[in-house]
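Below is one structure, written out as C-alpha cells; the observations come after it.
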Amino acid sequence: MTDVVELGFPSLGSIPKTDIPQRAADFKTDQEVRWCPGCGDYAVLAAVQGFLPELGLARENIVFVSGIGCSSRFPYYMNTYGMHSIHGRAPAIATGLASAREDLSVWVVTGDGDALSIGGNHLIHALRRNVNLKILLFNNRIYGLTKGQYSPTSEVGKITKSTPMGSLDNPFNPVSLALGAETTFVARTIDSDRKHLTSVLRAAAEHRGTALVEIYQNCNIFNDGAFDLIKDRTNGADWTVRMEHGEPLVFGTDSSRGVIRDPENGMLTVADVNEVGKDKIVVHDAHAEDSAYAYALSRLSTKDLPYTPIGVFRSVEHPTYDDQLRGQVAAAEAKLAGDHTSELGSLLRGQDTWTVD
Amino acid sequence: MQLTGDRFTSETASFGNDLSTFPNFPAEIRAPAGTLPGVSSFQLHFADHDILTPGDRPDVLVAMNPAALKANLPETPHGATIIVDSADFTKRNLGKIGYDENPLEDGSLEAYHVHSLDLTGMTVEAVKEFGLGRKEAARAKNMFALGLLSWMYNRPTEGTIDFLRSKFAKKPDIANANVAAFRAGWNYGETTEDFSVSYEVKPAAMAAGTYRNISGNLALAYGLVAASVQSGLPLFLGAYPITPASDILHELSKHKRFGVQTFQAEDEIAGIGAALGASFGGALGVTTTSGPGVALKSETIGLAVSLELPLVICAIQRGGPSTGLPTKTEQADLMQAMYGRNGEAPVPIVAPQSPADCFDAALEAVRIALTYRTPVFLLSDGYLANGSEPWRIPDIAGLPDLSVEFATEPNHTDAKGNPEFWPYLRDPETLARPWAIPGTAGLEHRIGGIEKADGSGNISYDPANHDLMVRTRQAKVDGVARSIPDLEVDDPNGDAKVLVLGWGSTYGPIGAACRRVRKAGHSIAQGHLRHINPFPTNLGEVLKRYEKVIIPEMNLGQLITLIRARYLVDAMGYNKTRGMPFRAEELAGVLTDVIAGVDGS
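Residue numbers (the working numbering), protein chains in the order written: chain A, 1 to 357; chain B, 358 to 958.
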C-alpha cells in the first residue's frame with residue numbers, strides 16, 4: 001500500500017482540550033430524561049456524564065450519534081453535539097463524521113436490536129475498519145421501545161409477545177462477534193457497577209480505533225433481572241470474571257475459581273484454584289495480538305458456561321481507517337504544486353484538447 | 358469493442374468534429390462471444406455541424422461476427438455500408454444464432470454495400486512477425502478494423518498509435534502487433550479497390566474555446582470536484598459500487614489531492630449514511646447510485662430531509678424494476694426521487710440534459726443543497742453516463758461561487774436572557790436553517806429524525822407544530838424556484854401550437870426531432886426541464902400557451918403525471934422503455950402527427 005501516512009497512536013491527541021474544569025452537570029441538557037423509572041440507561045448516562053470531565057476534551061468537539069431504540073435517546077441528554085439517526089445506521093453515519101473530522105471524539109450509542117439486528121452489517125464493518133469510534137452497546141436482551149419482543153441477544157426459548165411458544169434462534173454473543181470482526185478494543189461492563197463502568201469507558205476513550213463496549217443493561221419493564229445471576233450481591237462474584245491486564249483470572253466470592261487453559265484443546269475453562277494450583281491460572285493479556293485468546297475468554301459466557309468476564313477483553317493498536325484515509329488525502333495534497341483552483345483548471349483541461357478559434 | 362469505439366471517438370474529437378456516442382453492452386462481464394445477448398456495440402455519430410444524438414441508424418456497420426450482424430441489422434438502413442469479418446461466419450457460429458444459411462452468401466444482404474473481409478486472416482498475417490499465437494494475434498483484428506475506418510473517414514492516426522504504445526508499454530509484442538494491425542487496416546483501405554470512396558467530414562463550426570471529449574459520468578465527477586473547490590468544503594463521497602454509477606466513485610477516488618475523501622461502503626445505506634455524517638461535520642456529502650440503490654437509501658434521504666443538512670444524491674438511472682437492465686438506460690426513477698420516501702419528504706430534483714451538461718447540473722445540485730440545507734437528487738441516466746460529446750472547457754473564474762457560512766454565534770436568548778443556539782431558526786428568505794458544525798463552541802445541539810419543535814429543534818409531538826414543520830419543509834423546497842431561471846422555450850418560428858416538453862437525456866433526441874420537423878416546414882416549440890422539483894415558476898404559463906403539449910419519456914409517464922396533476926394540462930405522453938434512447942426519426946414522426954392533429958382540428 002502506498003501513500004499511507006503512519007500517524008502512530010495518539011489516543012485523543014487530535015481533539016482540542018479545554019482549560020476550563022468541567023463537571024458532570026456541564027454535560028446535562030435541559031431536556032427531561034424520559035426513560036422508564038428504574039431503567040438501567042439512567043446509570044449509564046450518569047456514568048458517562050460523570051467521567052467525561054476527566055478527559056478534559058472541549059465539549060463542542062464531542063459528538064454522540066445514535067440509532068433507534070430506548071438507548072438511542074441518549075444524545076438528547078448530552079450537552080454535546082449529537083444526532084439521533086435511524087435504526088441501525090449510526091455506525092455508518094459516525095464513520096463518515098469521524099473520517100471527515102479528525103478533531104472530534106465520536107461516540108455511538110446503540111442497543112442490542114439496533115446494533116445486532118437491523119444494523120448488524122454496519123456494526124461489523126465499522127469494527128473491521130477500525131474507525132475512530134467509541135461504540136456503547138446497551139445490551140438488555142430485549143426490544144424495549146417496541147414493547148417487548150425478543151432480541152438477537154435473547155436466550156433461546158424466550159417467551160415474548162412475538163414468541164409465545166419461545167424464541168428459536170440462537171443469540172449473538174456481542175463480544176465474540178466483535179472479536180470475530182478483529183475489533184481492536186472490546187470490553188464488557190454492567191450498568192449497576194458505576195466504578196467498573198467508568199473504568200471501561202475511560203479505557204475505551206483512550207483507545208485510538210474502534211472501541212466496542214458491551215454494557216449489560218437492565219430493562220426493568222420487559223426483561224427485568226436479565227443479569228441477576230452476576231448482579232447478585234451474595235453469589236454474583238462466583239459468576240463474574242473481573243479481568244485486569246497482567247493479573248491472574250481469579251474470581252469467586254472466596255477467590256476460589258480461576259480460568260485455566262485446557263491442555264487438551266487450548267480452550268479456556270473454569271477450575272478450582274486449589275485443585276489446579278495458582279500457577280495454572282491464566283494471566284490476563286488484553287494486548288495479545290492474536291484475538292483467539294480474547295475470543296476464548298468470550299466463550300466462557302455461553303449457555304453451558306454462564307461465567308461472565310467483564311473488563312477489557314482486547315486492546316491492541318492498529319492503524320485506523322479514518323487516520324489512513326486522511327493520510328492518503330494529505331499525501332496527495334502534499335504533491336500539489338499550486339492550489340485547488342489551479343489544479344481544477346488542469347483537471348478540467350485533461351490531456352486531449354483542441355481549440356476552436 | 359468499447360475500446361475501439363473510444364479510440365475512434367478520441368480521433369474524431371481531436372479532429373474537431375461534433376460528435377455523440379452511445380456505448381451499448383450487456384450486463385455480463387464476459388458474455389459468451391458470438392451469441393446475441395453477448396453483443397457489445399459502440400455507436401458513434403459525428404458531423405461537421407452541431408449534432409444532438411448518437412444517431413438513429415448507422416451509415417456504416419462493422420460486424421465482427423454473425424451475432425453482431427444479426428443484432429444490428431434491424432437498425433441498419435438499406436444502402437448502408439456493412440463491413441464484416443468473414444472468418445467468423447463459420448457454420449458453427451451461424452448455427453449458434455439460428456442462421457441456417459450464410460447471410461453473406463444467400464443474397465439476403467443485397468440492399469446493403471457489404472464488404473466481406475477476412476479481417477482475422479489479414480490481421481494474423483500482418484502481425485505474424487511478433488510471434489503471437491493465432492488467438493492472441495486475432496485479438497488485434499479490432500485495431501485492423503479501426504485502421505480501415507480511420508482511412509475511410511480520414512481520421513488522424515497518431516493518437517491511437519501513441520495510445521497503444523503507452524497502454525501496452527509493458528508488453529511490447531502486443532503493442533507492436535496492435536500498431537501493425539492498425540496500420541495494416543489503414544493500408545488495406547488505401548490500396549484495395551474494394552473501397553472506392555473515402556469520406557471527409559470537416560471539423561464542425563463550434564463556439565470559440567478549448568474543447569475536450571467528455572462522458573456524462575466524468576463530467577459529473579468533475580462537477581462535484583469543482584463544486585468542492587468553489588464551496589471550499591471538502592468533498593466526501595460515500596458510495597457502493599453499482600452500474601452505471603461506479604465510474605463516478607472510480608473517478609473521484611483519483612482526486613484526493615483536492616481534499617476528496619471517497620468511502621466504499623459496505624452497502625448503499627452505509628454509503629449515504631457516511632455521506633450524511635460527513636455533511637453533519639461540515640463536508641460536502643455526496644452519494645452516487647442507481648435505482649435499486651436509491652430504494653435502499655430512501656430512509657436516510659428522509660432523515661436528511663428532517664435534519665435539513667446538505668447532501669447530494671447522484672442517481673444514474675437504469676432499466677428497472679429490480680435489477681432490470683443494469684447497463685441500459687431509462688428514466689423511470691423520477692417518481693422514486695420525487696416521492697419514494699415515508700412521510701412528506703420533499704427533495705429538489707435536478708436533471709442534466711447531455712453528457713457535458715452533467716458538469717453544470719452537478720454544480721447546480723450542490724448550490725441548492727448548500728443554500729437550502731437539503732438533500733438534492735441529481736438524476737442522470739445510463740445514456741448520459743456512458744455517452745460522450747465535445748465539451749467546451751469552462752473558465753474557472755466563471756464558475757459559480759458556492760461558499761457557505763457556518764453558524765458561529767448563538768441566535769436566540771432563553772427565558773433568563775442567556776444566549777443560546779436554536780438549530781431550527783430559519784433564514785427568512787431561503788427558510789434554510791443554520792449549519793452549525795461540531796467543534797463550534799456554544800452551539801452544541803442535538804438533531805434527529807423525530808419531529809422537532811419549530812425554532813428550538815427540541816423533540817415535539819405537538820400536532821400543530823408537526824403540521825407547521827411539514828408545511829415549512831415543503832415551502833423551503835418550493836422556494837428553490839425563486840432561485841432558478843425561467844423555462845426557456847425554443848420556437849424559432851414563434852408560431853408553434855405544439856410544445857414538446859422533456860427532461861434529462863431525452864434532450865438530444867427531442868432536439869434532433871424538432872430540427873427534422875422544422876426542416877419539413879412545421880413549427881414546434883421545445884422546452885426542456887433542468888429542475889423538476891420545484892418546477893420553474895413560469896412553467897404553468899408556458900404550458901397554457903400551447904394548444905397541445907407532448908411529453909416523451911423513457912418510462913410509462915412520470916413527468917406527465919406530475920405536470921397533469923400540478924397544472925391540470927391535458928398533456929399527452931409518448932413513452933418507450935426499450936433500454937435505448939429515442940430515435941430522432943421516430944420522435945419526428947410522432948411530433949409531426951401531433952402537429953397534423955392540432956392543425957386539422
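Note that the Cβ used here is the ideal one computed from N, Cα and C, for glycine as well. Please read all numbers here as calculations on a predicted model, not as lab measurements.
Length of the line joining the Cα atoms of residue i and residue j
i: B:Thr-369; j: B:Arg-830; result: 49 Å
i: A:Ile-62; j: B:Gly-805; result: 16 Å
i: B:Ser-737; j: B:Met-692; result: 14 Å
i: B:Leu-590; j: B:Thr-765; result: 16 Å
i: B:Asp-835; j: B:Ala-661; result: 17 Å
i: A:Val-48; j: A:Asp-254; result: 32 Å
i: A:Thr-308; j: A:Thr-240; result: 5 Å
i: A:Val-65; j: B:Gly-634; result: 9 Å
i: A:Leu-104; j: A:Val-356; result: 50 Å
i: A:Asp-323; j: B:Lys-901; result: 58 Å
i: A:Asp-3; j: A:Leu-325; result: Interpretation of A:Asp-3 is limited by its pLDDT of 44, a score under 50 that renders its predicted location unreliable; the figure taken from the coordinates is listed afterwards. C-alpha separation (whole angstroms): 10 Å.
i: A:Glu-317; j: A:Gly-311; result: 17 Å
Proximity to residue i [Cα-Cα], best of the options
i: B:Thr-787; options: B:Lys-833, B:Pro-767, B:Glu-385 and B:Asp-714; result: B:Lys-833
i: B:Thr-680; options: B:Ala-689, B:Lys-559, B:Lys-933 and B:Pro-649; result: B:Pro-649
i: A:Ser-192; options: A:Gly-180, A:Gly-236, A:Leu-177 and A:Asp-169; result: A:Gly-236
i: B:Val-558; options: B:Gly-878, B:Pro-683 and B:Phe-403; result: B:Phe-403
i: B:Val-417; options: B:Met-509, B:Leu-476 and B:Ile-386; result: B:Met-509
i: B:Asp-811; options: B:Gly-859, B:His-769, B:Gly-739 and B:Gly-865; result: B:His-769
i: B:Tyr-740; options: B:Leu-360, B:Val-951, B:Asn-381 and B:Leu-756; result: B:Asn-381
i: A:Arg-257; options: A:Thr-163, A:Pro-263 and A:Lys-278; result: A:Lys-278
Contacts around residue i, its chain only, beta-carbon distance under 7 Å, and the 5 residues preceding and following it disregarded
i: B:Gly-868; result: Leu-409 and Gln-883
i: B:Gly-959; result: Any answer about residue 959 of chain B is impossible in this case: the structure gives chain B only from 358 up to 958.
i: A:Thr-153; result: Asp-112, Leu-116, Asn-139, Arg-141, Pro-171, Phe-172 and Pro-174
i: B:Phe-520; result: Arg-364
i: B:Leu-925; result: none
For residue i, the three-state DSSP class (helix, strand or coil)
i: A:Cys-219; result: coil
i: B:Pro-758; result: The sequence given here places Asp at residue 758 of chain B; Pro does not occur at that position. In this structure, B:Asp-758 counts as coil in the three-state DSSP scheme.
i: B:Asp-624; result: coil
i: A:Asn-61; result: helix
i: B:Ile-545; result: Here residue 545 of chain B turns out to be Tyr, not Ile, going by the sequence shown. In the structure shown, B:Tyr-545 sits in a helix (DSSP, three-state: H, G or I).
i: B:Gly-566; result: strand
i: A:Ser-315; result: strand
i: B:Gly-639; result: coil
i: B:Glu-777; result: strand
i: B:Arg-783; result: coil
i: A:Leu-7; result: Here the model assigns A:Leu-7 a pLDDT of 41, short of 50, so the residue's position is not dependable and the matter cannot be decided.
i: B:Lys-833; result: helix
i: B:Thr-392; result: coil
i: A:Trp-35; result: coil
Chain-order list of residues whose beta-carbon lies under 6 Å from that of residue i (same chain, five-residue window excluded)
i: B:Tyr-568; result: Pro-747 and Arg-749
i: A:Gly-415; result: With chain A covering 1 to 357 only, the question about residue 415 of chain A has no answer from this structure.
i: B:Ala-444; result: Asp-475, Thr-477 and Gly-478
Status (buried if at least 16 other CB within 10 Å, exposed otherwise) for residue i
i: B:Lys-613; result: buried
i: B:Gly-814; result: buried
i: B:Ala-821; result: exposed
i: B:Pro-938; result: buried
i: A:Asp-228; result: exposed
i: A:Thr-110; result: buried
i: B:Glu-608; result: buried
i: A:Thr-183; result: buried
i: B:Ala-798; result: exposed
i: A:Gly-266; result: exposed
i: B:Lys-527; result: exposed
i: B:Asp-927; result: exposed
Cβ neighbours of residue i in the same chain (closer than 8 Å, five flanking residues each side left out)
i: B:Lys-512; result: The sequence shown places Arg at residue 512 of chain B, rather than the Lys named in the question. The residues are Phe-365, Glu-368, Thr-369, Phe-372 and Leu-506.
i: B:Met-563; result: Gly-373, Asp-375, Asp-407, Pro-747 and Arg-749
i: B:Asp-363; result: Phe-399
Any non-hydrogen atom of the ligand ADP within 6 Å of residue i CB
i: A:Arg-326; result: In the structure on display, the ligand ADP does not appear, and there are no ligands present to speak of.
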